[in-house]
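First to last, the sequence lines map onto chains A and B. Residue numbers for the first sequence follow numbering that gives the first Met the number 0, so the first one is 0 and each next one is one higher. Residue numbers for the second sequence follow numbering that gives the first Met the number 0, so the first one is 0 and each next one is one higher. Accompanying notes for the structure given below.
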Amino acid sequence: MHMTELDGAALTLRTLPEPMRRLRAIPDASQARTGAPRAEGLAVEVRGVAKAYGKRRVLEAIDLRIAPGEFVAIVGRSGCGKSTLLRLVAALEHADTGEVALDGAALAQHREDVRIMFQDARLLPWKRVVDNIALGLPGPDGQRRAREALAQVGLAERADDWPAVLSGGQRQRVALARALVHRPRLLLLDEPLGALDALTRIEMQQLIESLWRTHGFTALLVTHDVSEAVALADRVVLIEDHGIALDERVHWVDRAHAGKPRSRRSRIACCSACCANPPAPMAKSPHPCPASKRGAGRSDH
Amino acid sequence: MKAPRSLRSLPPEGIVQRGLPWVVPVLTLIGWELASTRGWLSTRVLPEPLAVATAFWSLLRSGELWQHVAVSSMRALAGLAVGGGLGLLLGLLTGSSRVLETLLDTSLQMLRNIPALALIPLVILWFGIDETAKLFLVAVGVFFPIYLNTFHGIRSVDKGLIEMARSYGLSGWALWRHVVLPGALPSVLVGLRFSLGLMWVLLIVAETISAQAGIGYLTMNAREFLQTDVVLVGILLYAALGKLADVLAKALERGWLRWHPGYQVQAA
């Protein structure tokens, strides 16, 4: 059943008209950052993590490994514990059992390398946009770095505005800039686009993807929107019944793009159901379809 | 903001719009002046407005007025500084520490229900009738609004913002300065405005009991000599000072809460 959901999402994505994705030219982040060193992404390892609130079990025996620089999306119904998992990785909550390691070290050792983006932008309303981004930045060049980060998300001219006058999408861009200015090696995204309208979402997805490609951080996205997960992530993890029910790699299948930076448009979710009758380019896909717990049984290619 | 724009675009109607609120006060003044000069109104009840103005002018010229205003203002500000300062401090403490809240808040809430003016007999017994008594009364009165609103302000700072700031590496004083204090500020300023209103009420009562200087002394002294015009000058001075305090508090709000959507109407 989850397979069909993913299929549907992939189909929707493929059928999205191209002009809608290009509504607004996103400033090319790779140009803005030439010369700046690429931060190495952090490896995330979740081992046997369980979490309960009182008697209510939320997560049980979660094992998840994320490679450095990978983009992983966690999907699931609301209340399934996907946000809790993210908050555990962000050290905002503590696991009852099990542990989360970043590059093999405890969470506390990487506090400066991990930044989180929340569903609500959580900008300080009493600080101007640029000061919000400079929040917690050490050193005298905080303002300059904040303005640079703001330019990367295309809002340079709003630096001296109050957050209250920004639109929802602009606030999330500022929140993204605030996270990126710390040069995180792991960026956690807790449904950051959940409250945005469809067009703004697509814009933000493109922005996040292009910044992820430029900066090379590891990204962990929590979303209830399967099509968003497929559009952005290398891997989609489905959480259901307190555990990981599905862990699938997302493949891009367009022959023209093989070996080049991927494009959202050419990707579809590779899951057992669709692999059963693979389109021709699939054979040249750089990522072989991994045998997943559920997928393996049904996969017949 | 709509009204001024329509004033500019429609000048004749604008003058009417702007003048209308003043019609009743001006007519009242004229009626009062007429009633006094015709002898319908005894000067023992109310002096004519012109006499009040003359009394004001002569007090101003002799310098007596400034002296009394200065004495009263100093008392008010000293009481506000002591009471408001303590209220702010205790509010910050109980607002940020559960232990201190449990320890202090119940006691303070009980004390809050005692009207400050009910303390007058006790205050006279403790401090006599000199400056300390007045300072104490004003301080007690302004303490509670500032305490309560500071406490409430700190407790109602968005938990999400605090969580965000912590995960962005802020802690201790930095967290206070950037998140908790600015978040509590709107509420603290509401407390300040309440306190300013109470401050003048308490000062008037305290100065009426006994004083050797100040606006209260001026009016009580004038009462002895049936100088209703000077009494009225005193009353109007209290009104003006109260209004001034409120205007200053509003200016503070506008300055410190520029970020707040509620104060951005004028700027936009």
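We put the CB at the ideal spot given by N, CA and C, even for glycine. Being a predicted model, the structure only gives us computed values, none of them experimental.
Residue j beta carbon less than 9 angstroms from that of residue i
i: aspartate 233 of chain A; j: leucine 185 of chain A; result: no
i: leucine 256 of chain B; j: leucine 184 of chain B; result: yes
i: threonine 105 of chain B; j: leucine 99 of chain B; result: no
i: isoleucine 123 of chain B; j: alanine 117 of chain B; result: no
i: isoleucine 119 of chain B; j: leucine 136 of chain B; result: yes
i: glycine 193 of chain A; j: glutamate 59 of chain A; result: no
i: leucine 45 of chain B; j: threonine 227 of chain B; result: yes
i: aspartate 189 of chain A; j: isoleucine 115 of chain A; result: yes
i: serine 186 of chain B; j: glycine 152 of chain B; result: yes
i: alanine 94 of chain A; j: leucine 220 of chain A; result: no
i: proline 162 of chain A; j: valine 173 of chain A; result: yes
i: isoleucine 238 of chain A; j: cysteine 79 of chain A; result: yes
Helix, strand or coil at residue i [DSSP, three-state]
i: tyrosine 52 of chain A; result: strand
i: arginine 64 of chain A; result: strand
i: threonine 217 of chain A; result: strand
i: threonine 96 of chain A; result: strand
i: glycine 254 of chain B; result: helix
i: arginine 176 of chain B; result: helix
i: leucine 115 of chain A; result: The residue you asked about is not leucine; residue 115 of chain A is isoleucine in the sequence shown. Residue state, collapsed to three classes: strand.
i: isoleucine 73 of chain A; result: strand
i: glycine 94 of chain B; result: helix
i: alanine 104 of chain A; result: strand
i: histidine 67 of chain B; result: helix
i: arginine 43 of chain B; result: coil
i: glycine 242 of chain A; result: strand
i: glycine 82 of chain B; result: helix
i: histidine 109 of chain A; result: helix
i: cysteine 270 of chain A; result: Residue placement at cysteine 270 of chain A cannot be trusted, given a pLDDT of 42 that sits under 50; what the coordinates show is reported in the next sentence. Looking at cysteine 270 of chain A - three-state DSSP - the assignment turns out to be coil, as it is neither helix nor strand.
i: leucine 195 of chain B; result: helix
i: histidine 250 of chain A; result: strand
i: arginine 234 of chain A; result: strand
Contacts around residue i, its chain only, beta-carbon distance under 6 angstroms, and the 5 residues preceding and following it disregarded
i: arginine 86 of chain A; result: Glu92
i: leucine 89 of chain B; result: Tyr146
i: serine 71 of chain B; result: Gly213 and Ile214
i: aspartate 27 of chain A; result: Because aspartate 27 of chain A carries a pLDDT of 41, less than 50, the predicted location of this residue cannot be relied on, and no value is offered for it.
i: glycine 182 of chain B; result: Val156
i: leucine 247 of chain B; result: none
i: leucine 240 of chain B; result: none
CB contact below 9 angstroms: residue i versus chain B
i: lysine 126 of chain A; result: yes
i: proline 191 of chain A; result: no
i: leucine 85 of chain A; result: no
i: arginine 146 of chain A; result: no
i: isoleucine 115 of chain A; result: yes
i: arginine 177 of chain A; result: yes
i: proline 162 of chain A; result: yes
i: aspartate 119 of chain A; result: yes
i: glycine 138 of chain A; result: no
i: leucine 237 of chain A; result: no
i: alanine 90 of chain A; result: yes
i: leucine 123 of chain A; result: yes
i: histidine 241 of chain A; result: no
i: histidine 181 of chain A; result: yes
Short CB-CB distance (under 9 angstroms) between residue i and chain A
i: alanine 250 of chain B; result: no
i: arginine 154 of chain B; result: no
i: histidine 151 of chain B; result: no
i: glycine 159 of chain B; result: yes
i: arginine 253 of chain B; result: no
i: methionine 163 of chain B; result: yes
i: leucine 256 of chain B; result: yes
i: proline 260 of chain B; result: yes
Cβ neighbours of residue i in the same chain (closer than 8 angstroms, five flanking residues each side left out)
i: aspartate 245 of chain B; result: Arg192, Leu195 and Gly196
i: leucine 41 of chain A; result: Pro67, Leu101, Asp102, His109, Asp112, Val113, Arg184, Leu185, Phe216 and Thr217
i: leucine 106 of chain A; result: Val88, Ala90, Val99, Ala100 and Val113
i: proline 48 of chain B; result: Leu28, Trp31, Glu32 and Ser35
i: arginine 165 of chain B; result: Leu174
i: methionine 198 of chain B; result: Ala75, Gly78, Leu79, Val137, Gly140, Val141 and Ala244
Same chain, Cβ closer than 7 angstroms to residue i, neighbours up to 5 away in sequence not counted
i: valine 129 of chain A; result: Gln142, Ala145, Arg146, Leu149, Ala158 and Asp159
i: arginine 56 of chain A; result: His241
i: glutamate 156 of chain A; result: none
i: glycine 47 of chain A; result: Ala60, Asp62, Thr96 and Gly97
Partner residues on chain C for residue i, Cβ-Cβ distance less than 9 angstroms
i: glycine 135 of chain A; result: No chain C appears in this structure, whose protein chains are A and B.
Return the residues of the region 167–198 of chain B that lie within a Cβ-Cβ distance of less than 9 angstroms from chain A, sorted by chain order.
The region 167–198 of chain B vs chain A, Cβ under 9 angstroms: Tyr167, Gly168, Leu169, Ala173, His177, Val178, Pro181, Gly182 and Leu184.
Anything in the region 201–227 of chain A with a Cβ closer than 9 angstroms to a Cβ of chain B? List those residues in chain order, please.
Result list empty, no residue passes.
The region 93–111 of chain A: positions lying closer than 8 angstroms to chain B by Cβ:
Listed in sequence order: Arg110 and Glu111.
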